[in-house]
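A short write-up of the structure that comes next.
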Amino acid sequence: MEFKLPKREQLSNKGTFGKVLNVAGSEYYTGAAYLSSISALKVGCGYVALSSSPKVLNTVALRTSDLVFIPITDVKKALKNYDVVSVGCGLSTDLSVSILFKSLLDSLASFEGTVIIDADGLNLLSKIKKEIELPKKLIITPHPKEASRLLDVEVEEILENPMDYAKQLTEKYGCTTVLKLHNTIVCSNEGEIYINETGNSALAKAGSGDVLTGMISGLVAQKMSEFDASKLGVYLHGRTGEIASSMLSEYSVLASDLLNYIPLAITDMLVKD
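Basically my numbering = 1-based index in the sequence shown + 303.
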């Protein structure tokens, strides 16, 4: 499989490379908000805003000066200013968040950009039993347990026939599906399948999926299609794990370490191009 990175025009500004609005984080999961935001910048996105509670925003602000911060109460007003909206990393599933998620989903139904739903966003989506209008350009990134909730089947069934269930998720939600496994499966809205072969056990750490969500968000923001961005995202995520583990071992790589090795995975692609 040959991959192409988004082009970097020299006559450009931060808006040229897209804007991501990341709705993420909660009191005990501030790291998810940080990881999924910074990873979008690391793959070349020009501008990332994090929308969350004041406590999360204040905590993340102590770690980085590279993000813009939007109070969660203002998130719906901000949608029109962004190319991509990512929802769910570390969000939690308590009642107040559930109400917010449903309201946000209603607003995103008419959003013209791409929406990515991950983690607790998927858990909240699985609890909505009535028919709803979903975003027209949607990517979901479930692991097998999240997929089992979305389809109301056992995890074992997902693992026995992951390709079939990736297609079922795509058909049910009208989306591009990234089913996260040892060999992650990406299924396009048209049913095209990509099976990723990069990565290793270094990626089996809390926060690794948040990094992947940010990477895909950042690539979509640079005008890649949902399918192409998802394929390249999982490929680069896997290569990042491989390169990081070659330096740190598969035992010791942390999700936060991945942020420092994304540039090397990209450089590796540029050298081979």
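The beta-carbon is built from N, C-alpha and C at its ideal position, and this holds for glycine as well.
These numbers come from a predicted model, not from an experiment.
| query | result |
| --- | --- |
| Answer with buried or exposed for L411, where buried requires no fewer than 16 other C-beta atoms within 10 angstroms of its C-beta. | buried |
| What is the rounded straight-line gap between the Cα of G477 and the Cα of C490? | 11 Å |
| Please classify T473 as buried or exposed, where buried requires at least 16 other C-beta atoms within 10 Å of its C-beta. | buried |
| Would you kindly report the start and end of the unbroken alpha helix (DSSP H) that includes I402? | 398-411 |
| Give me the DSSP bridge partner(s) of L441. | V418 |
| When you compare the CB positions of V323 and G521, do they come within less than 8 Å of one another, or not? | yes |
| From D467 to L425, what does the alpha carbon distance come to, in whole angstroms? | 19 Å |
| If you draw a straight line from the alpha carbon of E545 to that of L551, how long is it in whole angstroms? | 10 Å |
| Thinking C-beta only, is M518 closer than 8 Å to A336? | no |
| Nearest-angstrom Cα distance between T319 and V456? | 42 Å |
| What's the C-alpha gap between K310 and M527? | 10 Å |
| State whether the stretch 446-463 contacts the stretch 420-437, with contact taken as three or more CB pairs (one from each stretch) at a distance under 8 Å. | yes |
| How many angstroms separate the CA atom of G349 from the CA atom of N316? | 8 Å |
| Alpha carbon to alpha carbon, how far is L314 from L515? | 29 Å |
| Using beta-carbon positions only, say whether L370 and A352 come within less than 8 Å of one another. | yes |
| I'd like to check one pair, L407 with V387: are the Cβ atoms closer than 8 Å? | no |
| For P374, which three-state DSSP category applies? | strand |
| Taking DSSP as the reference, what is the three-state secondary structure of N563? | helix |
| Locate the beta strand (DSSP E) running through Y350, then write down its first and last residues. | 350-355 |
| Return the residue from the list E495, D576, D421, L360 that minimises the CA-CA distance to K448. | D421 |
| With a CB to CB cut of under 8 Å and the five nearest residues on each side skipped, what residues in its chain are close to V400? | S329, L394, D423, L427 |
| N492 and T479: beta carbons closer than 8 Å? | yes |
| For Y476, which three-state DSSP category applies? | helix |
| Taking its Cβ as the centre, do 16 or more other Cβ atoms sit within 10 Å of N384, making it buried, or is it exposed? | exposed |
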